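Trainee: The numbering of the sequence shown is this note's numbering, which starts it at 13 and goes up by one.
Every residue gets a Cβ at the ideal spot worked out from N, C-alpha and C, and that includes glycine.
A quick note: this is a predicted structure, and the numbers were derived from the prediction, not measured.
First the structure, which I've put down as structure tokens, then a few questions once you've had a look.
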Amino acid sequence: MAPQRFREQFDQIQRSMPDVPLAMGPDDSADFIYEKGVVLARDGEEARIVEDTVRTHFAETTGLVADSVRRGGAETNRSGITRIEVGDRGEGDQRGDRAVAGALRALRAVEGRAGHRLVSRNHVVHIAPVNACPGDEPVPAPLDQPPNPAAAEAAYDPDTAVGVLVIDTGLMKDHGSYPLLAHTRGDLQIKETGDDGALEQYVGHGTFIAGLLAAVAPNTDLTVRNTLNDAGAILESEFGDKLFEAVDRDGWPDIISLSAGTPNGRPDGLLGLQAFMEELRTQRTLLVAAAGNNGSATPFWPAAHATLPGWEDSVVSVGALRSDGEFGACFSNHGGWVKVYAPGERLTSSLTGFATPVPYVYRHSTYDSCRYGFTYACTCQYPRHAGQLSEEQQAGGGKPDQVMFEGFAHWSGTSFATPVVAGMIASHMVAHKETDPRAAARQLLTAHAEFAEVRGAHVPALRPPTWRPVPVVALATGT
Numbered sequence: 013m014a015p016q017r018f019r020e021q022f023d024q025i026q027r028s029m030p031d032v033p034l035a036m037g038p039d040d041s042a043d044f045i046y047e048k049g050v051v052l053a054r055d056g057e058e059a060r061i062v063e064d065t066v067r068t069h070f071a072e073t074t075g076l077v078a079d080s081v082r083r084g085g086a087e088t089n090r091s092g093i094t095r096i097e098v099g100d101r102g103e104g105d106q107r108g109d110r111a112v113a114g115a116l117r118a119l120r121a122v123e124g125r126a127g128h129r130l131v132s133r134n135h136v137v138h139i140a141p142v143n144a145c146p147g148d149e150p151v152p153a154p155l156d157q158p159p160n161p162a163a164a165e166a167a168y169d170p171d172t173a174v175g176v177l178v179i180d181t182g183l184m185k186d187h188g189s190y191p192l193l194a195h196t197r198g199d200l201q202i203k204e205t206g207d208d209g210a211l212e213q214y215v216g217h218g219t220f221i222a223g224l225l226a227a228v229a230p231n232t233d234l235t236v237r238n239t240l241n242d243a244g245a246i247l248e249s250e251f252g253d254k255l256f257e258a259v260d261r262d263g264w265p266d267i268i269s270l271s272a273g274t275p276n277g278r279p280d281g282l283l284g285l286q287a288f289m290e291e292l293r294t295q296r297t298l299l300v301a302a303a304g305n306n307g308s309a310t311p312f313w314p315a316a317h318a319t320l321p322g323w324e325d326s327v328v329s330v331g332a333l334r335s336d337g338e339f340g341a342c343f344s345n346h347g348g349w350v351k352v353y354a355p356g357e358r359l360t361s362s363l364t365g366f367a368t369p370v371p372y373v374y375r376h377s378t379y380d381s382c383r384y385g386f387t388y389a390c391t392c393q394y395p396r397h398a399g400q401l402s403e404e405q406q407a408g409g410g411k412p413d414q415v416m417f418e419g420f421a422h423w424s425g426t427s428f429a430t431p432v433v434a435g436m437i438a439s440h441m442v443a444h445k446e447t448d449p450r451a452a453a454r455q456l457l458t459a460h461a462e463f464a465e466v467r468g469a470h471v472p473a474l475r476p477p478t479w480r481p482v483p484v485v486a487l488a489t490g491t
């Protein structure tokens, strides 16, 4: 059965996509989320093969309906993907989809003969596909506490600034009141607050990331797009087109910082992103991508492209270090496909700008047990106010905790280790007058990477000079 944490995450994503029935997969194991009743295939001949093969298989299989198999959208698009409907999207519940499973099974032999994948689920790409500690919600930080990492001593010069594109939730309307973000541009968050006046889930995520980047690398031209405006989520079938739109609009930047992705149980990436990843490989742009927060060694895409043949120079995958910077964070994905680790726990940056205080209601339960076999204080446990941090925990009859954000916040995740690394690469480019971001990444990892310990393995780690370690606070077991 799926962990409670993942079920909460699933429900939250489903609320943000009310018109897209979703399921957990595979077989309720909570590895990823996908759209029910739909599979993806490459445009053209392969889409026709998938459609015909699935229809034939369904006609021969009890309980599956051949007439339900049809094209579910345009036959051609920039990302090269066709949606094929294979069943009633409203059938069944979140624990799986027999029609999608049947369609994947129908193509096994054909894929074996072709020597490559022909069909895929339509996965949800998300900024926090979490089933592990810590909570993915921010915690207010005192205004008199400096950001962490602190702002580097460098001036912004538009003539030499490194171009960085952040694909995320967008910018808060008052982001410019935070001095480090005064020259940041891009899309505003579409909806900041709900009917209760409190910040919506993951609102401020893009602003927080931009603040981290600007602190580590002040001489950057930051553009933040609100591609992930549905509470940090987007369907795989739409994501490739949105990435193309972003680079068509602004040109290919030096660096793309992406704090989102998904596992899919495969070693060869997301079908819906393949066209974009192929185009990326031909450009000079470097993709710096989060390794994910599932506490798993399963490849997380698109970050895991970092070790696929042909993409080694164009992608840097980033895992998160614990608050002391010596070990991997409990939530961070890990494994040989993660290229570098950076501080990613209890970082401090601007969440909302500083113009107007905004309330926030905690909606997720706290998690005390992490995956290192011991218990310590994760961000989700701070602060413990009167009341509780979850709508699901109603003990004592109190209302869910509501706190006020006045600018700074603490937040944890590989989401935030990612812009730290992107910023360090950008800063290296400026300092060494290096115009090639891929060369800068190689140089930085070769000459300046230190080491940390992640699950018993020594791994490369980058720690910004202005970052301050935060002590790990031990808790009593079972708290």
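For the region 93-100 against the region 32-52, do three or more pairs of beta-carbon atoms, one drawn from each stretch, fall closer than 8 Å, so that the two count as touching?
Mentor: Because the criterion of three Cβ pairs below 8 Å is met, the region 93-100 and the region 32-52 touch.
Trainee: Count the CB pairs spanning the region 217-225 and the region 171-187 that are closer than 8 Å, and state whether there are at least three.
Mentor: Flag = yes, the region 217-225 and the region 171-187 touch.
Trainee: Would you mind giving the Cβ-Cβ distance between Ala-341 and Ala-332, rounded to the nearest angstrom? I have them listed as a contact below 8 Å.
Mentor: Yes, they are in contact, since the Cβ atoms of Ala-341 and Ala-332 sit about 4 Å apart, within 8 Å.
Trainee: Output needed for Tyr-372: all residues of its chain with C-beta closer than 6 Å, excluding positions within five of it in sequence on either side, in chain order.
Mentor: Excluding positions up to five away in sequence, the list reads Ala-210, Leu-211, Val-415 and Phe-417.
Trainee: To which residues does DSSP link Asn-89 through a beta bridge?
Mentor: BP columns for Asn-89 are empty, so no partner.
Trainee: In chain order, which continuous runs of the beta strand (DSSP E) of length 3 or greater are located wholly inside the region 199-277?
Mentor: The qualifying runs are 232-237, 245-247 and 267-270.
Trainee: Beta-carbon separation of Phe-22 and Thr-274 under 8 Å?
Mentor: Contact: no.
Trainee: Using beta-carbon positions only, say whether Phe-256 and Gly-284 come within less than 8 Å of one another.
Mentor: In this structure, Gly-284 does not lie closer than 8 Å to Phe-256 by Cβ.
Trainee: Check whether the Cβ atoms of Asp-109 and Ala-35 lie closer than 8 Å to each other.
Mentor: Yes, the Cβ-Cβ distance between Asp-109 and Ala-35 is below 8 Å.
Trainee: How many Å lie between Thr-74 and Ile-25 at the Cα?
Mentor: Looking at the two C-alpha atoms, the distance is approximately 32 Å.
Trainee: Below 8 Å between beta carbons: does that hold for Ser-427 and Ile-139?
Mentor: Yes.
Trainee: Can you look up Gln-497 in the DSSP assignment and give me helix, strand or coil?
Mentor: It is not possible to answer for residue 497, since the shown part of the chain is limited to 13 through 491.
Trainee: Below 8 Å, how does it come out for the region 284-304 and the region 258-268: are there three or more Cβ pairs, yes or no?
Mentor: Yes, since at least three Cβ pairs between the region 284-304 and the region 258-268 fall closer than 8 Å, the two stretches touch.
Trainee: Exposed or buried, which one is Leu-155 when buried takes at least 16 other CB atoms within 10 Å?
Mentor: Classification for Leu-155: exposed.
Trainee: Where does Gly-277 land, buried or exposed, given buried means 16+ other C-beta within 10 angstroms?
Mentor: Flag for Gly-277 reads exposed.
Trainee: Excluding five sequence neighbours on each side, which residues of the same chain lie with their C-beta closer than 6 Å to the C-beta of Asp-448?
Mentor: Once the five neighbours on either side are set aside, Asp-448 has no close Cβ partner at all.
Trainee: If we count the other Cβ atoms within 10 Å of its Cβ and call it buried at 16 or more, is Gly-102 buried or exposed?
Mentor: That one is exposed.
Trainee: Just curious, the alpha helix (DSSP H) that Phe-463 is in, first and last residue?
Mentor: Counting along the chain, Phe-463 falls outside any alpha helix (DSSP H), though it belongs to the beta strand (DSSP E) covering 462-466.
Trainee: Could you have a look at Phe-70 and say whether DSSP puts it in helix, strand or coil?
Mentor: Looking at Phe-70 - three-state DSSP - the assignment turns out to be helix.
Trainee: State the Cα-Cα distance for the pair Thr-65 and Ser-249, rounded to the nearest angstrom.
Mentor: For Thr-65 and Ser-249, the distance between alpha carbons rounds to 21 Å.
Trainee: Can you tell me where the beta strand (DSSP E) holding Arg-133 begins and where it ends?
Mentor: Per DSSP, Arg-133 belongs to the beta strand (DSSP E) from 132-138.
Trainee: Compute the beta-carbon to beta-carbon distance between Ala-272 and Val-466, rounded to the nearest angstrom, for a pair I have assumed lies under 8 Å.
Mentor: Actually they do not touch by this definition, with Cβ atoms about 21 Å apart.
Trainee: Going by C-alpha distance, which of Ser-28, Pro-150 and Ser-80 is nearest Asp-242?
Mentor: For Asp-242, the nearest C-alpha among the options comes from Ser-28.
Trainee: I want to know whether the region 302-316 touches the region 434-449 - three or more CB-CB distances under 8 Å.
Mentor: Result no; under three Cβ-Cβ pairs closer than 8 Å.
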